[in-house]
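Its first residue numbered 2, the sequence shown is counted upward by one per residue in our numbering. Where a beta carbon is used, it is the ideal one built from N, C-alpha and C, also for glycine. Have a look at the structure below before the remarks.
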Amino acid sequence: MRRTRISQFLRQTGWWRRSIHVCVVGSGPAGLYTTEKILKQHNGAIIDIVDRLPTPFGLVRTGVAPDHQETKIVINQFSRTASNERCSFFGNLSLGRDISLSELRDIYDIVVLAYGAESDRTLNIPGEDLPNIHSAREFVWWYNGHPDCSNMSPNIQSTDTAIILGQGNVALDIARILLRPTRELETTDMADYALEALHRSSIRKVLLIGRRGPAQAACTAKELREILSIKDLRVHIKKRDLLTSSADEEELNNDRRQRRVYELLAKASSSLHSVTSTQKELHFIFFRKPHQFLPSFDNRVRGVSFEKTCLAKDFESGKRFAVGTGQFEELDAGLVLKSIGYKSVSVPGLAFDKQRGVVPNIKGRVVKANSDQTVLENGLYVVGWLKRGPTGIIATNLYCAEETVESVLEDLEKGTERKRKQGRPGLVELLESRDIQYVTFMGWEKIDMKEKAEGIRRNRPRIKITEWGELLRVANE
Ligand SMILES: Cc1cc2nc3c(=O)[nH]c(=O)nc-3n(C[C@H](O)[C@H](O)[C@H](O)COP(=O)(O)OP(=O)(O)OC[C@H]3O[C@@H](n4cnc5c(N)ncnc54)[C@H](O)[C@@H]3O)c2cc1C
Ligand SMILES: NC(=O)c1ccc[n+]([C@@H]2O[C@H](COP(=O)([O-])OP(=O)(O)OC[C@H]3O[C@@H](n4cnc5c(N)ncnc54)[C@H](OP(=O)(O)O)[C@@H]3O)[C@@H](O)[C@H]2O)c1
Numbered sequence: 002m003r004r005t006r007i008s009q010f011l012r013q014t015g016w017w018r019r020s021i022h023v024c025v026v027g028s029g030p031a032g033l034y035t036t037e038k039i040l041k042q043h044n045g046a047i048i049d050i051v052d053r054l055p056t057p058f059g060l061v062r063t064g065v066a067p068d069h070q071e072t073k074i075v076i077n078q079f080s081r082t083a084s085n086e087r088c089s090f091f092g093n094l095s096l097g098r099d100i101s102l103s104e105l106r107d108i109y110d111i112v113v114l115a116y117g118a119e120s121d122r123t124l125n126i127p128g129e130d131l132p133n134i135h136s137a138r139e140f141v142w143w144y145n146g147h148p149d150c151s152n153m154s155p156n157i158q159s160t161d162t163a164i165i166l167g168q169g170n171v172a173l174d175i176a177r178i179l180l181r182p183t184r185e186l187e188t189t190d191m192a193d194y195a196l197e198a199l200h201r202s203s204i205r206k207v208l209l210i211g212r213r214g215p216a217q218a219a220c221t222a223k224e225l226r227e228i229l230s231i232k233d234l235r236v237h238i239k240k241r242d243l244l245t246s247s248a249d250e251e252e253l254n255n256d257r258r259q260r261r262v263y264e265l266l267a268k269a270s271s272s273l274h275s276v277t278s279t280q281k282e283l284h285f286i287f288f289r290k291p292h293q294f295l296p297s298f299d300n301r302v303r304g305v306s307f308e309k310t311c312l313a314k315d316f317e318s319g320k321r322f323a324v325g326t327g328q329f330e331e332l333d334a335g336l337v338l339k340s341i342g343y344k345s346v347s348v349p350g351l352a353f354d355k356q357r358g359v360v361p362n363i364k365g366r367v368v369k370a371n372s373d374q375t376v377l378e379n380g381l382y383v384v385g386w387l388k389r390g391p392t393g394i395i396a397t398n399l400y401c402a403e404e405t406v407e408s409v410l411e412d413l414e415k416g417t418e419r420k421r422k423q424g425r426p427g428l429v430e431l432l433e434s435r436d437i438q439y440v441t442f443m444g445w446e447k448i449d450m451k452e453k454a455e456g457i458r459r460n461r462p463r464i465k466i467t468e469w470g471e472l473l474r475v476a477n478e
């Protein structure tokens with residue numbers, strides 16, 4: 002009731018009527034960099050940030066590994082943006098479930114979609130649905146306390162081997178979490194239940210499997226160095242996999258970062274280990290593409306059959322890709338994690354490139370559904386992983402936001418978007434009429450304070466609240 006009165010008051014003020022009303026959907030790096038840039042460059046913009054979670058910051062909270070606390074410092078900058086007086090946060094509000102895209106566009110002059118990539122690439126091979134196979138996204142959400150995965154129980158108690166498909170940085174994060182001594186995770190913000198489960202983990206061996214070779218591994222040197230330096234870890238890389246062809250050498254000569262990764266792998270393969278029976282093992286396995294998942298007698302995953310590969314060149318793109326050789330090999334594991342890339346999802350009324358999993362756009366301007374590249378939506382923009390696909394680090398989204406915001410400001414200058422829509426009061430009214438219990442930034446700050454207070458008591462950065470009910474209860478306390 003109080004909120005409705007505020008909405009009515011706001012609507013009557015001249016300042017409000019002269020403002021540009023912007024809605025940013027998604028409070029990850031892309032959404033918050035976009036918000037920051039619009040606030041800085043347009044002093045008449047009033048911005049509402051919508052997120053389906055009661056907690057902001059996207060993958061910085063639910064993706065970045067718990068043993069990378071320094072990376073999460075960017076949250077301070079994002080918090081300053083979200084608590085700007087011209088900004089409001091509406092958590093626990095899901096586009097496509099609680100509110101439609103057309104409703105948002107009726108309420109706001111400008112809508113910027115920044116809702117990331119919350120699904121997974123799939124392999125489409127037999128056995129993919131067997132129990133104890135998870136996507137990297139689910140496993141990462143589990144150890145980071147995302148409320149959608151806090152009830153998951155990955156099989157780290159009754160098998161000694163985990164297979165990770167893919168060799169990107171996410172795969173390395175997961176391998177590190179499985180292999181790192183758990184006492185080193187005790188000072189992180191990893192979900193409490195995950196820390197407990199990892200204490201009891203029976204996983205001793207992790208197989209990191211790539212469909213191409215060490216000269217094409219998708220990870221970066223810093224992350225590779227970190228996993229290679231885990232104490233008491235035996236690293237296995239077959240010498241013959243490290244042999245390079247002239248095409249590999251050409252690729253490595255053209256890419257210094259890839260060269261560094263290759264050299265680190267080569268060095269790791271030749272370092273001498275003193276072997277003890279308690280040591281954990283990390284195996285880098287190359288030139289294998291998943292062919293089928295193998296079921297156990299009780300219909301759980303017991304391993305993966307791989308086809309050995311060699312590389313061929315796509316002459317159009319110049320990229321080298323894996324082709325099957327017709328030779329197969331089976332590897333056993335009671336846990337399989339598919340780390341082959343995230344994928345965005347669409348919402349009704351939005352153009353979507355299913356193949357690439359992105360919203361078709363020109364410099365962030367969304368292309369109309371069922372049209373060619375020349376017809377653009379008025380006042381609808383996209384940014385971040387939803388715009389470019391699921392690659393790039395946090396800072397990549399800063400440059401991506403710059404491009405989208407430039408398009409927004411150019412269009413505002415031309416005056417094409419100025420329809421004088423209601424903005425925030427319209428949203429609040431609609432949510433109240435639907436009895437939707439949204440979470441404000443102050444609500445998030447209550448969650449934050451409670452998590453940090455519990456963290457101080459237990460000598461950890463925070464103890465995450467991981468259940469939907471508890472998050473909403475604390476936010477509305
Ligand atoms: C496991 C992992 C670890 C990473 N570690 C690092 C790292 O250490 N360092 C680094 O620089 N980069 C790292 N990255 C990359 C970085 O996290 C991404 O570049 C960045 O988060 C992408 O930003 P985004 O805003 O597009 O998406 P996201 O961060 O995913 O944000 C999307 C937001 O949209 C919300 N949302 C989703 N659907 C809806 C909906 N329907 N309605 C409303 N809101 C919705 C989500 O809740 C989320 O808050 C990592 C990525 C992953 C996957
Ligand atoms: N610390 C950090 O900075 C950090 C941490 C985590 C993530 N990130 C970033 O987040 C982004 C996403 O990371 P990511 O690891 O999910 O993606 P990624 O870097 O694109 O790696 C995907 C991996 O999956 C493999 N793959 C894809 N499709 C496959 C298939 N059908 N069969 C078998 N293998 C397949 C790829 O092999 P091919 O190379 O052959 O395609 C590659 O090894 C990256 O930009 C990453 O740098 C950064």
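How many Å lie between residue i and residue j at the Cα?
i    : j    : result
I76  : R241 : 44 angstroms
K223 : L229 : 10 angstroms
A115 : R177 : 29 angstroms
E468 : S151 : 7 angstroms
L473 : M443 : 12 angstroms
M2   : G427 : Since pLDDT at M2 reaches only 48, below the 50 mark, its modelled position is unreliable, and the value read off the structure follows with that caveat. So the alpha carbons of these two residues sit roughly 14 angstroms apart.
N133 : W445 : 33 angstroms
I100 : E430 : 12 angstroms
V26  : N371 : 23 angstroms
D449 : I74  : 14 angstroms
K465 : L105 : 31 angstroms
L471 : E411 : In the sequence as displayed, the identity of residue 471 is Glu instead of Leu. Spanning the two alpha carbons is a distance of roughly 43 angstroms.
Y109 : V383 : 15 angstroms
G342 : S95  : 23 angstroms
D436 : K206 : 50 angstroms
A454 : V61  : 20 angstroms
S20  : L381 : 17 angstroms
S28  : T35  : 10 angstroms
L196 : V65  : 16 angstroms
N85  : R98  : 27 angstroms
P57  : L266 : 37 angstroms
Q356 : T375 : 20 angstroms
Y263 : L166 : 19 angstroms
V141 : T63  : 7 angstroms
Can you tell me the Cβ-Cβ gap for residue i and residue j, rounded? I've got them flagged as a contact below 8 angstroms.
i    : j    : result
K369 : L377 : 7 angstroms
K281 : L234 : 6 angstroms
H284 : F329 : Wrong, their Cβ atoms sit about 18 angstroms apart, outside the cutoff.
K290 : S136 : K290 to S136, Cβ: 17 angstroms. No contact.
N362 : K388 : 6 angstroms
F288 : K309 : 6 angstroms
N93  : V346 : The Cβ separation is near 19 angstroms, so there is no contact.
Ends of the beta strand (DSSP E) at residue i?
i    : result
L295 : R289 to P296
C401 : Taken as a continuous stretch (DSSP letters only), C401 belongs to no beta strand (DSSP E), being part of the alpha helix (DSSP H) at T397 to K415.
E282 : K281 to I286
G380 : L377 to V383
A46  : A46 to V51
V25  : I21 to V26
S103 : No beta strand (DSSP E) contains S103, which is instead part of the alpha helix (DSSP H) from L102 to I108.
S89  : C88 to F91
I134 : I134 to S136
V475 : Unbroken run through V475 is the alpha helix (DSSP H), W469 to A476; no beta strand (DSSP E).
Where do the N-terminal and C-terminal ends of the alpha helix (DSSP H) with residue i fall, by residue?
i    : result
Q262 : Per the sequence shown, the amino acid found at residue 262 is Val instead of Gln. Start and end: R257 to S271.
V61  : L60 to T63
V75  : V75 to A83
V429 : R425 to S434
I448 : F442 to R458
I39  : P30 to Q42
L1   : The question about residue 1 has no answer here: the residues shown for the chain are numbered 2 through 478.
Inter-stretch contact (C-beta, 8 angstroms, three-pair minimum) for the segment 65-77 and the segment 180-191
Because the criterion of three Cβ pairs below 8 angstroms is met, the segment 65-77 and the segment 180-191 touch.
Going residue by residue through the segment 289-366, where are the continuous beta strand (DSSP E) segments of at least 3 residues, counting only ones entirely within it?
Listed in chain order, they are 289-296, 302-314, 321-333 and 336-339.
Three-pair Cβ contact test at 8 angstroms for the segment 306-322 versus the segment 256-275:
At 8 angstroms Cβ cutoff, the stretches do not touch.
Would you be able to state if there are at least three C-beta pairs under 8 angstroms between the segment 82-91 and the segment 126-135?
Fewer than three Cβ pairs drawn from the segment 126-135 and the segment 82-91 lie within less than 8 angstroms of each other, which leaves the two stretches out of contact.
Could you tell me which uninterrupted alpha helix (DSSP H) segments, each at least 4 residues in length, are contained entirely in the segment 166-251, listed from first to last along the chain?
Secondary structure in the segment 166-251: the alpha helix (DSSP H) runs of 4 residues or longer, each lying completely within the stretch, are 170-180, 193-200 and 222-229 in chain order.
Between the segment 166-175 and the segment 47-59, do at least 3 Cβ pairs fall closer than 8 angstroms?
Segments in contact, no.
Pairs of beta-carbons, one from the segment 332-339 and one from the segment 295-313, closer than 8 angstroms: are there three or more?
The way I'd put it, the segment 332-339 does touch the segment 295-313; three or more beta-carbon pairs between them come closer than 8 angstroms.
At least 3 beta-carbon pairs within less than 8 angstroms: the segment 143-163 vs the segment 210-222
No contact exists between the segment 143-163 and the segment 210-222.
May I ask you to verify whether the segment 348-357 touches the segment 394-411, counting CB pairs closer than 8 angstroms and requiring at least 3?
They do not touch, by the three-pair rule.
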